[in-house]
Amino acid sequence: FASLLFNRKIPHKVFSRENLDDYLFYEFEYPKLFAAAWKRFVEETGVNLLMGGRATIPFEYLLYYRTFPRFIEDLVECPEKVLALCDRVVEYEMTRAMEQAIVMGAGEVPGAEIIFFQAGIVGPPYVSPTVFNEFVYPALKKGVDLVVRRGFKVHVHMDGDLTAVLPTLRGIADGLPRGRIVLDFEKTDMRKAKEILGERVCIHGNVPSALLVYGSVDEVETYCKRLIQDCARGGGFLLSTECEVPWDARRENVRALVESARKYGQY
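Under my numbering, the letters of the sequence shown match residues 1232 to 1498, in that order.
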């Protein structure tokens, strides 16, 4: 949305008095209409919601707002301020996400109890394991604790290769009930993730996007079969793409992914 927010040719009237009614509508009334529409969808199709609320880890917000070079300077010059801000903002983020989930029908509409926690470019290769452990993980753990202790489930989406910080992530479930946390990995070594996290959380991933676009049906099936063999034993594994299904993915490859889960996912 930056192209809209910072484009000087577009008048900034969102918060002007003449548009106050529009702002109030989209802040308070639209979420109810949105939730009602999705509730009808669930009732008509029998397909659960993927999430009820959404939050983003503060570290990533700061990286976007400050720009990468300036934010790296902040980590060196005023680390205590970065930590304090992340600690404060994560409470706001998770509270808003839980409010969204309640409006969406948490406890009534299947899937609405899930909080999608965006923790994208917050680990290797974007930042070092040291930075992740010191600045990212504390807010990540706090955010997960906040929602799980209030009865919600959390789906943490993590881009990049988090293999180097898997031992740290093992603590994400400390003090929490089982069956509440999904860690969604993009480039992480899933076999190692299963070895280190398998008894603690559910892991999710990570068929490459490029394979769905450029690969063959046989290649997709082979990849999915290996993932299932590496990760499914004992449960706690969701076969999925590494980040998302690309818009230009080959239809037959997406179908092969689904059929592979049905074919090899029996245990």
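Virtual Cβ for every residue (Gly too), placed ideally from N, Cα, C. What you are looking at is a predicted structure, and each value in this text was computed from that prediction instead of being measured.
Segment limits, alpha helix (DSSP H) that includes residue i
i              : result
valine 1413    : Looking at the DSSP string, valine 1413 is not in any alpha helix (DSSP H); the run it does join, the beta strand (DSSP E), is 1412-1416.
proline 1460   : Per the sequence shown, the amino acid found at residue 1460 is glutamine instead of proline. That run of the alpha helix (DSSP H) goes 1448-1462.
valine 1378    : 1368-1379
tyrosine 1254  : 1251-1255
proline 1341   : Proline 1341 -> no alpha helix (DSSP H), and no H or E assigned at all.
arginine 1422  : 1421-1428
threonine 1399 : 1397-1400
Boundaries of the beta strand (DSSP E) in which residue i is found, first to last residue
i             : result
glycine 1436  : 1433-1438
arginine 1285 : 1284-1287
valine 1334   : That residue, valine 1334, is in no beta strand (DSSP E); its alpha helix (DSSP H) goes 1310-1335.
Residue i in three-state terms, based on DSSP
i                  : result
arginine 1486      : helix
phenylalanine 1272 : helix
valine 1353        : coil
valine 1476        : coil
serine 1359        : coil
leucine 1264       : helix
threonine 1506     : Here the chain covers residues 1232 to 1498 and nothing more, so residue 1506 does not appear.
Beta-bridge partners of residue i, as assigned by DSSP
i                  : result
leucine 1470       : Gly1436
phenylalanine 1348 : Ala1286 and Val1387
Residue nearest to residue i in terms of C-alpha spacing, selected from the options
i                  : options                               : result
histidine 1388     : Phe1366, Gly1354, Lys1456 and Val1379 : Gly1354
cysteine 1317      : Thr1276, Met1335 and Leu1293          : Leu1293
glutamate 1339     : Trp1269, Val1396, Leu1377 and Lys1423 : Trp1269
alanine 1424       : Gly1391, Tyr1454, Cys1462 and Pro1408 : Cys1462
alanine 1492       : His1435, Ala1315, Val1444 and Gly1446 : His1435
phenylalanine 1383 : Pro1310, Gly1336 and Asp1392          : Gly1336
* Pairing CB atoms from the stretch 1299-1314 with CB atoms from the stretch 1328-1345, are three or more of them under 8 Å? -> no
* With contact counted as at least three CB pairs below 8 Å, one residue from each stretch, are the stretch 1414-1425 and the stretch 1471-1478 in contact? -> yes
* Per the contact definition of three or more C-beta pairs closer than 8 Å, is the stretch 1347-1361 in contact with the stretch 1279-1289? -> yes
* With contact counted as at least three CB pairs below 8 Å, one residue from each stretch, are the stretch 1367-1381 and the stretch 1318-1336 in contact? -> yes
* Asked: Between the stretch 1398-1408 and the stretch 1441-1449, do three or more beta carbon pairs fall short of 8 Å?
  -> no
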